[in-house]
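Numbering (the numbering used here), first residue to last: 24 to 91.
For glycine and all other residues, C-beta sits at the position ideal for the given N, C-alpha and C.
These numbers were taken from a predicted model, which means no experiment stands behind them.
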């Protein structure tokens, strides 16, 4: 299986958000539940997904609060 096909298969299993704002809103909701996630732009589908956050909790939360 090629890398492209592998990535497509993985991407299809993830929740896709149409905009960065939608993904950030969901991440903020999860944050309040104690689940640390951050949005990222998927290079495979062009949509937004969430991934587990790494780094300082305060810096991550500030990223989620910034609205582009």
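Rounded to whole angstroms, the Cβ separation of residue 76 and residue 59 is 4 angstroms, and the two are in contact under 8 angstroms. Nearest Cα to residue 42 within the set 66, 62 and 74: 62. In the structure shown, residue 42 adopts coil according to DSSP, grouped into three states. The beta carbon of residue 50 lies closer than 7 angstroms to those of 60, 61, 62, 73 and 87 in the same chain, with the five residues before and after it left out.
Between residue 38 and residue 70, the CB-CB gap reaches or exceeds 7 angstroms.
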